[in-house]
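Asks: One structure, as structure tokens, below. Some questions next.
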Amino acid sequence: MAALSCHFHLTIHKVSKNVTTRPFISCSMQPSQSNIKVVINGAAKEIGRAAVIAVTKARGMEVAGAVDSHFVGEDIGKLCDMEEPLEIPIINDLTMVLGSISQSKETGVVVDFTDPSTVYDNVKQATAFGMKSVVYVPRIKLDTVGALSAFCDKASMGCLIAPTLSIGSILLQQAAITASFHYNNVEIVESRANPIDFPSMDAVQISKNLSNLGQIYNREDISTDAVARGQVLGEDGVRVHSMVLPGLPSSTTIYFSGPGEVYSIKHDITDVQCLMPGLILAIRKVIRIKNLVYGLEKFL
Numbered sequence: 121m122a123a124l125s126c127h128f129h130l131t132i133h134k135v136s137k138n139v140t141t142r143p144f145i146s147c148s149m150q151p152s153q154s155n156i157k158v159v160i161n162g163a164a165k166e167i168g169r170a171a172v173i174a175v176t177k178a179r180g181m182e183v184a185g186a187v188d189s190h191f192v193g194e195d196i197g198k199l200c201d202m203e204e205p206l207e208i209p210i211i212n213d214l215t216m217v218l219g220s221i222s223q224s225k226e227t228g229v230v231v232d233f234t235d236p237s238t239v240y241d242n243v244k245q246a247t248a249f250g251m252k253s254v255v256y257v258p259r260i261k262l263d264t265v266g267a268l269s270a271f272c273d274k275a276s277m278g279c280l281i282a283p284t285l286s287i288g289s290i291l292l293q294q295a296a297i298t299a300s301f302h303y304n305n306v307e308i309v310e311s312r313a314n315p316i317d318f319p320s321m322d323a324v325q326i327s328k329n330l331s332n333l334g335q336i337y338n339r340e341d342i343s344t345d346a347v348a349r350g351q352v353l354g355e356d357g358v359r360v361h362s363m364v365l366p367g368l369p370s371s372t373t374i375y376f377s378g379p380g381e382v383y384s385i386k387h388d389i390t391d392v393q394c395l396m397p398g399l400i401l402a403i404r405k406v407i408r409i410k411n412l413v414y415g416l417e418k419f420l
């Protein structure tokens, strides 16, 4: 499909003392880019419904399929309380959705919000139909990430695995790395409204980022095994304290201390909407890569 591009020009001709103007319009045909076709796998979840709305509003992309084992047959637009239905029913067969999109030969991305046990097969299916994948599945195993990396390298197909889609969380982690070169003591305090597997993925990722930087933290307290002192993650002495406090937002605070001062950085998540800018960024970036990328950090 081509788009008509027109430009208005004003030409001035000077004849003796008289000035005349002659407007003219030039038009040219330019190819228009088609939207990225996005399939939401796990569309009936809270984050899946938020993703449907975000993709619908985003420039240059559209929801092309909704996959879930719940609310099968229902229009995803109605399930998301949108003003008008999207005329896209929820289907519990990913292969069927991918097949219908691949026939159009347009750029497609599968967003995976499912389960660690199904991620590998989902990415393989998407790759078989020539589609890239964005994976946001907490607790995905490193073995799975390694297997997917080898698979994507062999297939020359892009896949972006995001431990977090929150840009604020990524900025928190980057700030923590910078601070770690200046302070010898660090502890992480996190709170969640509901009990989950603790420590959280955010705390685990922060501790990994702070490890192997040539710094040993909390030297005076590194050997204690008192339960009240929190859990030590890794071998570099980073301690994590996890709390469940109903009514509070999901919060992560990192405390650093040095002689005569305490430096703290904090990030709160109050709504799943905070993950949508990161998701849209991931969709835009994954179509340009030909291997597996772990994390959004390199794209910020």
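For the sequence shown, the working numbering gives the first residue as 121, with consecutive numbering after it. By construction, the Cβ of each residue, glycine as well, lies at the ideal position given by its N, Cα and C atoms. The model shown is predicted, which means the values in this text are computed figures rather than measured ones.
1. If contacts are defined as beta-carbon pairs under 8 Å, then residue 156 and residue 407 qualify, I think. What distance do you get, rounded to the angstrom?
2. Ignoring anything shorter than 3 residues, give me the beta strand (DSSP E) runs that lie fully in the stretch 237-311, in order along the chain.
3. Considering Cα atoms alone, identify which of 193, 333 and 154 is closest to residue 179.
4. Counting Cβ pairs closer than 8 Å, one from the stretch 218-230 and one from the stretch 203-210, do we hit at least three?
5. If you follow the alpha helix (DSSP H) that residue 396 is part of, which residue opens it and which one closes it?
6. Who are the near neighbours of residue 283 in its chain, counting only those whose CB is closer than 7 Å to its CB and skipping five residues on each side?
7. Within 10 angstroms of the Cβ of residue 376, are there 16 or more other Cβ atoms? Answer buried if so, exposed if not.
8. In chain order, what residues of the same chain have a beta carbon less than 6 Å from the beta carbon of residue 252, not counting five sequence neighbours either side?
9. If you run the structure through DSSP and keep just helix, strand and coil, what is residue 179?
10. What did DSSP end up calling residue 489 once you bin it into helix, strand or coil?
11. Return helix, strand or coil for residue 328, following the three-state DSSP convention.
12. Do residue 358 and residue 330 have their C-beta atoms within less than 8 Å of each other?
13. Kindly identify the DSSP beta-bridge partner or partners of residue 321.
14. Alpha carbon to alpha carbon, how far is residue 388 from residue 223?
15. For residue 390, count neighbouring C-beta atoms within 10 Å of its own C-beta (all shown protein chains included) and say buried if the count is 16 or more, exposed if not.
16. Nearest-angstrom Cα distance between residue 356 and residue 289?
17. Contact check, residue 175 vs residue 182 under 8 Å by CB: the rounded distance?
18. Taking residue 340 as the reference, which of 327, 291, 306 and 219 has the closest Cα?
19. Does DSSP put residue 368 in a helix, in a strand, or in coil?
20. In the DSSP assignment, what residue or residues form a beta bridge with residue 381?
21. Residue range of the alpha helix (DSSP H) that residue 219 falls in?
22. Using DSSP's beta-bridge definition, name the partner residues of residue 351.
23. Let me know the secondary structure DSSP gives residue 172 once reduced to three states.
24. Enumerate in chain order the residues of its own chain whose CB-to-CB distance from residue 393 is below 7 Å, with the five nearest sequence positions on each side excluded.
25. Determine whether the beta carbon atoms of residue 259 and residue 201 lie at a separation below 8 Å.
26. With a threshold of 6 Å on Cβ separation, who are the neighbours of residue 417 within its own chain once the five nearest residues in sequence on each side are excluded?
27. Whose CA, out of 237, 189, 410 and 397, lies closest to the CA of residue 264?
28. Where do the N-terminal and C-terminal ends of the beta strand (DSSP E) with residue 416 fall, by residue?
29. Suppose you measure from the CA of residue 195 to the CA of residue 298; what does that come to, to the nearest Å?
Replies: The relevant details are as follows:
1. 6 Å
2. Counting only runs of 3 or more residues that sit fully inside the stretch 237-311, the beta strand (DSSP E) segments are 252-255 and 279-281, in chain order.
3. 154
4. no
5. 396-406
6. 321, 325 and 415
7. The Cβ neighbour count for residue 376, taken over all protein chains shown within 10 Å, is at least 16; the residue is labelled buried.
8. 229, 278, 406 and 407
9. coil
10. Given a span of 121 to 420 for the chain in the structure shown, any question on residue 489 remains unanswerable.
11. helix
12. yes
13. Partner(s): none; residue 321 has no beta bridge.
14. 43 Å
15. exposed
16. 22 Å
17. 7 Å
18. The candidate whose alpha carbon is nearest that of residue 340 is 306.
19. coil
20. 378
21. 214-222
22. 360
23. For residue 172, the three-state secondary structure derived from DSSP is helix.
24. 170
25. no
26. 290
27. Closest by alpha carbon: 237.
28. Unbroken run through residue 416: none, as it is neither H nor E.
29. 47 Å
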